[in-house]
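Using our numbering, the first residue of the sequence shown is number 961, and each one after it goes up by one.
All residues carry an ideal CB built from backbone N, CA and C; glycine is no exception.
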Amino acid sequence: MDQRVAGMSWIEPFMGFAGLAHPAVLLAVAVGALTGVVIGVLPGIGPGVAIAVMLPLTYGMNPLAGITLLLGIYVGAYYGGAVTSILIRTPGEASSIMTMFDGAPMAERGEAERALSLAFASAFVGGIVSALVLAFVAAPVSQFTSRFGAAENFMAALLAMIFIARAYERQIAGAVMMIGLGLLIGTVGIDPTSNEQRFTFGLTALQTGLPLVPVVIGLFGVAQALVLLSSPPGERTAEPMAAFGKPRLEHFLEPLRYPRTLLRSLGIGTAIGILPGVGSALSTTMSYFAARRAAKQPESFGQGNPEGIVAAETANNANSGGAMLTVLTLGIPGDAITAIIMGVFIVHGIVPGPTLFTDQPDLVYGIFAALVSINIATMLLLLVLARPFARLSRLDPRWLGAAILALCFTGAYSTSSSMYGVWVALGAGVLGWACALGRLPVIPLVLGLVLGDILESTLRQSLSVSSGSWSIFFMRPIAAALLAACALAVLQPLVRGLRLHWRAREARQQASS
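Structure representation (structure tokens):
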């Protein structure tokens, strides 16, 4: 009897593909993937906005078709965000920032097709594997992550921040300063505990804080547009970007040359996706800098290293399966987007959680199959549309800058349906432009802003649970392990520096004697 049940547990996930035979579900796969790619390419629009707009359309659909449509937008946006990150240095999504770091330099030296192929193939691997993880290890993984509380999430975010600072060893002072600035910007608004205003300067609009999406749009999109608009008349964008050839099979297979990076990024992306409220930006950050630290030539990251794209995109798309894992097994959304997707469950009277696997097994395994199908459809779609996107690079940079600026301001306006988002994007754009002129890294600022809210909320929750005692970070085993990793990450470069200092001192003493 036990053997039969065990056998069925491996067969049932594949039975979910039967649900895809419904025309409405197939249409949802195609429309969702196309919408997601377009949304991902447009800077600042974001899948969250698109999913929120499309949510009412799912009310008249069957549950699987409605969920598939929103998942298509969710996954497709991850793929699409890499296109503009690589071709025009403008991340379509905050999670695509790491892809821009190495993808754009590759495009500028004539390897746009290779960079995009790497990004698409890595995202495909991440998406397919995360869907398989979701199908086969949902219950065991959810049992482990149910032990994660605020203390563990705080330590995970703190460890990511240390990795960010260490990645800029030659600019560590500037990186730490920019992280601090990001954390400071993240405190703008009303304190969630005391209800006191912080850095609002009496302005009502600032009481809700500075929205992340317009800030990211400004720091990257608007700043890049200002750079292009200041280009000399008659100059064109990099010719290598215009020389975008046909996709080549060897470039799609190239991620397999980095098996350790693939496996590490799959693990990080899926694990971070499982953590409620953390998001894909953290998973791509941790994966990228973990690959950088493990590389034989870490200084090549940021200069067009293919391994950087593999690490970022694999973790980015692996995040989607992890995020859905907590929704299906615990009824807890992994991020804001999966929280919206949960609305489809609620509208149809379905309660996500452990009982979902027994009450609605066809729906659960249909979602697994839908994720696989969406990744395949999105991949095929981008193989057709990547070359038209590459034509952006043939434009006069000033025209391209104006177009990027218009898209950025449209995206910024859509986030709040007011000029507030536009003004935030403009201010952030000027700041990003100034940082570029001063050669200060902007990425630590953005990641400090992203992680700041996580750090503050989880720290408050941890101290509230422990009645103000900091021992919670030592007494909980997982939190203590993450704390030890933080200490090791801080002390290791200090110890290495001391060793180099003593060796140099001994060498001077030997030379003088």
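Own chain, CB closer than 6 Å to residue i, minus 5 neighbours either side, in chain order
i	result
V1307	Y1019
I1438	E1112
Q1184	R1049, T1050
T1147	R1158
I1124	P1404, L1407
R1074	H1211
Cβ neighbour criterion (16 or more within 10 Å) applied to residue i
i	result
W1462	exposed
T1338	buried
T1245	buried
L1451	exposed
G1457	exposed
M1121	buried
S1240	buried
Q1167	exposed
Q1320	buried
A1444	exposed
T1315	exposed
W1393	buried
Residue range of the unbroken alpha helix (DSSP H) whose run includes residue i
i	result
S1424	1403 to 1425
I1057	1057 to 1068
E1073	1072 to 1096
Q1470	1437 to 1472
S1247	1240 to 1254
Y1034	1023 to 1047
P1312	Segment: none, P1312 is in no alpha helix (DSSP H) and carries neither H nor E.
W1383	1379 to 1397
P1258	No alpha helix (DSSP H) holds P1258; DSSP gives it neither H nor E.
A993	983 to 1001
S1225	1219 to 1234
L1144	1132 to 1146
Q1263	Q1263 -> no alpha helix (DSSP H), and no H or E assigned at all.
Q1184	1183 to 1189
Check whether residue i and residue j have beta carbons under 7 Å apart
i	j	result
G1032	G1000	no
I1228	A1275	yes
L1188	G1361	yes
I1057	G1181	no
T1230	A1278	yes
S1280	V1035	yes
S1422	A1110	yes
Own chain partners of residue i with C-beta closer than 7 Å, once the 5 adjacent residues on each side are dropped
i	result
G1040	G996, V997, V998, I999, G1000, V1001, G1052
F1317	V1324
S1424	none
D1151	R1158
I1132	A1125
A1079	A1042, I1046, T1059, G1063, I1269, E1273
8 Å CB neighbourhood of residue i in its chain, flanking five on each side removed
i	result
L980	L986, V989, G1326, A1329, A1330, S1333
M1021	A984, A988, L1029
S1077	P1207, R1208, H1211, F1212, E1214
| With contact counted as at least three CB pairs below 8 Å, one residue from each stretch, are the segment 1257 to 1269 and the segment 1055 to 1062 in contact? | yes
| Meets three-Cβ-pair contact criterion under 8 Å: the segment 1154 to 1171 and the segment 1424 to 1441 | no
| task | Inspect the CB distances between the segment 1072 to 1091 and the segment 1393 to 1412 and report whether three or more fall short of 8 Å. | result | no
| Three-pair Cβ contact test at 8 Å for the segment 1387 to 1405 versus the segment 1125 to 1139 | yes
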